[in-house]
Each structure stands twice: as structure tokens, then as C-alpha cells.
Amino acid sequence: MEVEQKQAQVIEHFVKQASSLQGSSLVSLIVQLTSHSSLFVFSEILAVPNVLELQGTGYAVYIDLLRLFAHGTWSDYKSNASLLPPLVPDQITKLKQLTVLSLAEMNRVLSYDQLLEQLDLSNVRELEDFLINDCMYAGIVKGKLDHLRRSFEVQFAAGRDLRPGQLGNLIQTLDDWLDTTNNALLTIEEKIKWADKKCELDAIHKKAVNDRVEEVKKSVNNKLD
Amino acid sequence: MAESSSSGLTFKLHPLVIVNISDHYSRVKSQMHPPVTNTSTPPPPNNGADGAVEAASSSSFSDSASASCPRVFGCVIGVQRGRTVEIFNSFELLYDPATHSLDRAFLEKKQELYKKVFPHFYILGWYSTGTDAQESDMNIHKALMDINESPVYVILNPMINAAQKDLPITIYESEMHVIDGIPQLIFVSSSYTIETVEAERISVDHVAHLKPSDGGSAATQLAAHLTGIHSAIKMLNSRIRVLHHYLLAMQKGDIPCENSLLRQVSSLLRRLPAIESGKFQDDFLMEYNDTLLITYLAVLTNCSSTTNELVDKFNTAYDRHSRRGGRTAYF
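Sequence order for the protein chains is X and D.
Every position in the first sequence, counted from 1, becomes a number in my numbering once 151 is added.
If you count the second sequence from 1, position 196 lands on 193 in my numbering, and the numbers rise without skipping.
Shown next, in the form of C-alpha cells:
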């Protein structure tokens, strides 16, 4: 997963910086990292104690902003715009990219209409440009754009930060996958046994027919004698 | 003698080398027939990529308790780029048991010949068969050190071990270690990966898919095909299980949560279900129906031809009775 590897260094760098800063300088760091072009995951930053300290202070909105970037989408931002600080264009782009990732979580085929609505874009041209330049070239999404069916088939989407409850879902999905493969294995085994048995039955049948033919031949020969 | 190497070199081995070595060994082994003394033993077909050699070495089985497997020797050649050593090819060498050394003149002549065809390949080391590296091998190793400062030593273990999953090949390098106050060269084993070129992959694939030679009934071919799929799914199953355990442990708290891994798992799981869309169902059902239709057609043809034969036989058997009286036996 190249996306993860690319981000690992950036994350480390920012975590180091975050642990040494406080207050307003931390705020500017948060703004910086939410606009960073290759950083899409924020749970490590959220775990830094200095960041959590911001909770009680006047800068609490920035923690909410960070949480929004970690788990939320563009529509979440719009509905809470009054509570959150204004975003610079870079942050807006990043939030829209993260929105695409969240949508890709739900369905594999995203219709253009849905995307247009969620991302607040006005025409298909802009949407396709956004998808191609900001999502696919950044490497967070891989897929096929179907212009005729006006849909975007996602083949791969990078992971976003996990909410605490999602780990259970992951485990459940893995469980189901395990069950499916086990069933597939059993079905194949059965089929192999069935094929072998059929082969045996066929051989027995052929032998019985041949024996009968031999018998009849012998009896005809005897009659002629 | 076999610790793991610390030189940091990565080794890439091509299947051609493995097939060459085992071919050499099997040839020498089968040339030792007819059994005169206890030196003849069942030639062991070895390693998974080797169905072809298996077919070539057919022989009588004799008492293998007193087996003395012949050791064969040869040279490996390839390319070294930086820290990666890629072993492409190999050729055989004469071993002189009296002096415990390899025939030097032959080696140099062969080297020259190969240089003309493959100008980029250098002699990277040598190979032999056996279970483990031995003391006398160090002499050969040192002798080769004037061609290549750090030759590699590839050992193929010709004993088949059905339980073993990996290839019976070990690659040794030599390192200077201080033992009992004396600096000595000892062999240290290193790991390697198998690297294939397209052409090699095709031949290895072909050998791995050897069908039973009688062409088999449809059932055996079907069984072989299904068994292949079965093992592939089994591997997938075991890997999913590993992930599952890992996530369970993480949830219980035995392992600290590693976000990056969790993200990768979630992105992986998002690719499921892998095949499900309207288009896929359409295409799949169409192909399924086509196959069923063709099978049906084939069965119908079979049936009609059998019926035809039966009618012919019937007519031949009973024709003379029904001709008189103008009754036609068939329309």
C-alpha cells in the first residue's frame, strides 16, 4: 500500500512537531497539516496529548476540525460551518477528497449525481477533473470512470481513520469472508467427490454391459453348435 | 556453520538454475546403472518445479539404506547490481576427487564461451548437491575466490521430504569470523527469492500443470482442475484467518493498536464483494447458459447417433422377416 508508506514519514514528522508545541502554534500546525497534500489520516495526531489538551481552551474548535477531517465529510462541514473555523482552499480540497473516500466505503459504484451533490460541484467536467487530478493522481483511489453510465467504479480506496466502533465491523467482515471461503472449499471438495463417484459408476455400468454382451455372444455361439 | 548472513545482499534465483542442477544430478545418478555395488539408489525426483526431471528419471528401486548419493558440482553465473545478486544460469564442472578441487582449465574455457553469448554474466559462485555444507567445500570456495571475491555457494538437497514446503535449496556466503582466536572463513546461509522471466514462468507453469498422462476421463481432468482451485482458496483462507486473529487480538487489547495496519485492512475489505455488479451477473449467466446449451447439444447428438446405430442393428437383425408383405421396417 504505497499510500500508507508515503504518509508514514509525514505523520511521524508532524507528530514530533505536535508533541513539542502548545496552544496557538499547535493551531497553526493543525491548519498546516490539514492542508498538506499527501496526508489523509489524522488519528496519530489526535492521539498526541498536547492536541487533546486543546479541548478545554478557546481553541477547542480546532480539535473538532481535526476530528472532522479524520471521520467526517464535506456535508458534515457545511451543516456545522458556524461551529468550525473557516477553511482555506487546500483544506477544502482535502475535505472533498476525504469525502470521496467515505463514499467509496459504502458503495463500489458511485453515480455522478451522487458525487456532484456530495462534493458541491456543478458539472460533470469539473467532477471528472477533480476525480482524476486530486483523487487518482494522489493515489488514494483507483477505479474506472464510466462516462456513459455516469458512474465511477472504485477498485481501490485508501483507508481513512477508523472510528472506535468500526473495528468490530472489520472483524465481522473478515468472519464472513472466512465463512464464504470455507463454504467454497467444501463445495469444491464435494464436487470432486461427485465427479469421482460418477466416474466409478460409469465404469461399473460399462463393465456390466460388456459382461452381458459376452454372455449373449456365448449363448448364441452355443445355439449355433 | 549456518548462521544467517549479515552482508545485506539480496539473492534472486532463477528457476532455470534449479532445473539445471537437478537435471545434472539425476543424469549422473541414472548413469550409475546398472546396479553393481550399493552405489545405485532410487533417483530422487526433487523440488516442486521439476516434473520434467521426474519423468526423465525412471529406474528400478533398490535398497536405499546404503545409499551414497553422488555429489555433482558446477558453477553459477549471473549479474550483480549493487546489493542485488541475480543468479541466471549455471553449468557443470568436473570435480577431481583426488585433489578436492574443480578442474580449473575447463572452468576457464567454459567461462570464455559463456562470456561470448552472455557478455554481462559473471561467475557468481558454485553449486553442489548434498544435505549440508562440508569442510572440504571450503577449499573449493577459496579456490573460486580469485575469480569473485565473495562467491556464493548454492546447495541442492536431493532428498525428497514430503512434509517440507520450501525448495530444498540453500545459499551460503562466506564470512570471516573469529573462532577460538583464529579468523576463519565460515559459511553463513542467506535467504533468497525466486525471480522469473516471462519465458521461465511459462515453462514452470506448464510443468506444474502436468495432467495425468493417460489423457484421463473427464472426471480426472475435472478433479485436477478443481484441486488446483481448492489449494488456491485454501491459501487465501489461511491468510484471512491470520488477519482475523490479529484483529481479534487487537480488539481484546493484547496488541497495541496500529492505525496504519487497520487502515490498510479496512481499505482491503472495502474491495469486497469482489464480483458483484449488474454487468457481471449478465455476462456470467450468458456464459453459463452458453456452456449448458453446448453440453445439451452434444448430448443430443450423442443420443441421436446411438439411436441411429440401434435402429441399424435392429434392421440388420430383423430385416428378412418384415420385407415380405410389403411392410416397411422404417419410414
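Just so it is clear, CB atoms sit at the ideal spot from N, CA and C, and this is done for glycine as well.
| Item | Value |
| --- | --- |
| I need the straight-line Cα distance from residue 371(X) to residue 297(D), nearest angstrom please. | 33 Å |
| Does DSSP classify residue 69(D) as helix, strand or coil? | coil |
| For the beta strand (DSSP E) containing residue 153(D), list its first residue and its last residue. | 149 to 153 |
| Which bits of chain X does residue 307(D) rub up against, with CB to CB less than 9 Å? | Those do not exist, as residue 307(D) stays about 13 Å from chain X at its closest Cβ, beyond 9 Å. |
| Where DSSP assigns a beta bridge to residue 345(X), which residues make up the other side? | In DSSP, residue 345(X) forms no bridge with anything. |
| Which term fits residue 298(X), buried or exposed, when burial requires 16 or more other beta carbons within 10 angstroms of its beta carbon? | exposed |
| Residue 122(D): buried (16+ other C-beta within 10 angstroms of its C-beta) or exposed? | buried |
| Relative to the C-alpha of residue 226(X), which residue among 200(X), 206(X) and 253(X) is closest? | 253(X) |
| When you compare only the Cα positions, how much space is there between residue 131(D) and residue 352(X)? | 56 Å |
| Quick one: which chain D residues come within Cβ less than 7 Å of residue 332(X)? | 230, 233, 234 and 237 |
| Could you work out which residues of chain D lie near residue 224(X), taking near to mean beta carbons separated by less than 7 Å? | Here the premise fails: no neighbours, minimum Cβ distance about 16 Å. |
| Taking the CB atoms as reference points, tell me whether residue 124(X) and residue 157(X) lie closer together than 8 Å. | It is not possible to answer for residue 124(X), since the shown part of chain X is limited to 152 through 376. |
| By alpha-carbon positions, which one of 303(D), 115(D) and 70(D) ends up nearest to residue 94(D)? | 70(D) |
| For residue 8(D), which residues does DSSP report across the bridge? | 82(D) and 189(D) |
| In terms of residue numbering, what span does the alpha helix (DSSP H) encompassing residue 203(D) cover? | 195 to 205 |
| At which residue ranges does the stretch 248 to 281 of chain D contain complete alpha helix (DSSP H) runs of 4 or more residues, listed in the order of the chain? | 256 to 266 |
| Could you tell me the distance, in whole angstroms, from the CA atom of residue 290(X) to the CA atom of residue 213(X)? | 27 Å |
| Please report whether the beta-carbon of residue 322(X) lies at a distance below 8 Å from any beta-carbon of chain D. | yes |
| By the DSSP assignment, the beta strand (DSSP E) with residue 257(X) in it spans what residues? | Careful: residue 257(X) lies outside any beta strand (DSSP E), inside the alpha helix (DSSP H) at 240 to 257. |
| Look at the alpha carbon of residue 183(D) and the alpha carbon of residue 201(D), and state the distance between them as a whole number of angstroms. | 34 Å |
| Whose CA, out of 315(X), 235(X), 374(X) and 240(X), lies closest to the CA of residue 210(X)? | 235(X) |
| Output needed for residue 168(X): all residues of its chain with C-beta closer than 7 Å, excluding positions within five of it in sequence on either side, in chain order. | 180 |
| Taking residue 262(D) as the query, report the chain X residues whose CB atoms sit under 7 Å from its CB, ordered along the chain. | 321 |
| Please list the partners that residue 255(X) has in chain D, where partner means a Cβ-to-Cβ separation under 8 Å. | 267 |
| Could you run through the stretch 178 to 197 of chain X and flag, in chain order, every residue whose CB is less than 8 Å away from some CB of chain D? | 192, 194 and 195 |
| What does residue 342(X) touch in chain D if you count any residue whose Cβ is under 7 Å from its own? | 223 |
| Which residues in chain D have a C-beta closer than 8 Å to the C-beta of residue 118(X)? List them in chain order. | Beyond the ends of chain X as shown, which are 152 and 376, falls residue 118(X); an answer cannot be given. |
| In or out: residue 178(D) buried (at least 16 other Cβ within 10 Å) or exposed? | exposed |
| Under 8 Å between the Cβ atoms of residue 267(D) and residue 198(X)? | no |
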